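Residue numbers (this note's numbering), protein chains in the order written: chain G, 1199 to 1312; chain C, 46 to 158.
Just so it is clear, CB atoms sit at the ideal spot from N, CA and C, and this is done for glycine as well.
Fair warning: this is a prediction, and the values are worked out from it, not measured in the lab.
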Amino acid sequence: KAGVTQTPRYLIKTRGQQVTLSCSPISGHRSVSWYQQTPGQGLQFLFEYFSETQRNKGNFPGRFSGRQFSNSRSEMNVSTLELGDSALYLCASSLNGASTGELFFGEGSRLTVL
Amino acid sequence: DQQVKQNSPSLSVQEGRISILNCDYTNSMFDYFLWYKKYPAEGPTFLISISSIKDKNEDGRFTVFLNKSAKHLSLHIVPSQPGDSAVYFCAASAGGNTDKLIFGTGTRLQVFP
């Protein structure tokens, strides 16, 4: 079956702009989690959506937001971009939730903020 | 506050030898632990997991050990192969449906011939 698909794979933005990233989970998976990966910081949890509801949220400012649609596809948005937002953003899907089993990750969206 | 720590950013091991990757955690509520492997330009992939009711779980060349009193887990790869060269992340959660999965900072393993 198809894996987790993230779009776009690469993008470049300037400070102050906003960006929207998309994630299509594995068919049948109801949970979508988002992580930010930066050098030296590992994978920092952003949020998890389950059946269109935000189930959990990490310690990121309100500029970071997300949503999940009825088909389980998810988007995350970052407004008023800062240089420090440059990172690889990873989306992961799972059947019942991020903390209960294996996560299946997409290849990520690499954001560069200039 | 880094609840899951991987204090070795890198590890270099000769092919055929044992690789030992370590992970420490601070939250005593964590009861489910996983290891993920990540190659460049790819997303992480699940490797092996262990719940707190066990102290060891084995899958082929990969074994995870859990020491709850020390809040420490380790991943053993025996024998190490060049294809094992990747970044390894440990992760932990308290297991509840609404709990989040917390990842460590990763250890880059290089297996040389």
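How would you call residue i, buried or exposed, if buried means at least 16 neighbouring beta carbons within 10 angstroms?
i: residue 1326 of chain G; result: With chain G covering 1199 to 1312 only, the question about residue 1326 of chain G has no answer from this structure.
i: residue 161 of chain C; result: The structure shown does not extend to residue 161 of chain C, since chain C is modelled only from 46 to 158, so the question has no answer here.
i: residue 1274 of chain G; result: buried
i: residue 82 of chain C; result: buried
i: residue 75 of chain C; result: buried
i: residue 1254 of chain G; result: buried
i: residue 123 of chain C; result: exposed
Taking Cβ positions only, does residue i come closer than 8 Å to chain G?
i: residue 154 of chain C; result: no
i: residue 120 of chain C; result: no
i: residue 69 of chain C; result: no
i: residue 148 of chain C; result: yes
i: residue 104 of chain C; result: no
Could you give the distance in angstroms between the alpha-carbon of residue i and the alpha-carbon of residue j?
i: residue 103 of chain C; j: residue 1289 of chain G; result: 28 Å
i: residue 1229 of chain G; j: residue 1282 of chain G; result: 27 Å
i: residue 1263 of chain G; j: residue 1225 of chain G; result: 23 Å
i: residue 1233 of chain G; j: residue 1252 of chain G; result: 14 Å
Counting contacts by CB-CB distance shorter than 8 Å, is residue i in contact with chain C?
i: residue 1304 of chain G; result: yes
i: residue 1256 of chain G; result: yes
For a contact meaning CB atoms closer than 9 Å, what does residue i contact in chain D?
i: residue 145 of chain C; result: Structure shown: chain D not included; protein chains present are G and C.
key: Proximal residues, the stretch 1216-1241 of chain G versus chain C, C-beta separation under 9 Å   = 1231, 1233, 1235, 1238, 1239, 1240 and 1241
task = Below 8 Å between beta carbons is the criterion; list the residues of the stretch 86-99 of chain C that meet it against any residue of chain G, in chain order.
result = 86, 87, 88, 89, 90, 91 and 94
query = Enumerated in chain order, which unbroken segments of the alpha helix (DSSP H) with a length of 4 residues or greater are wholly contained in the stretch 1258-1306 of chain G?
reply = none
ask   = Of the residues that make up the stretch 114-138 of chain C, which ones have a beta carbon closer than 7 Å to any beta carbon in chain G?
value = 134 and 138
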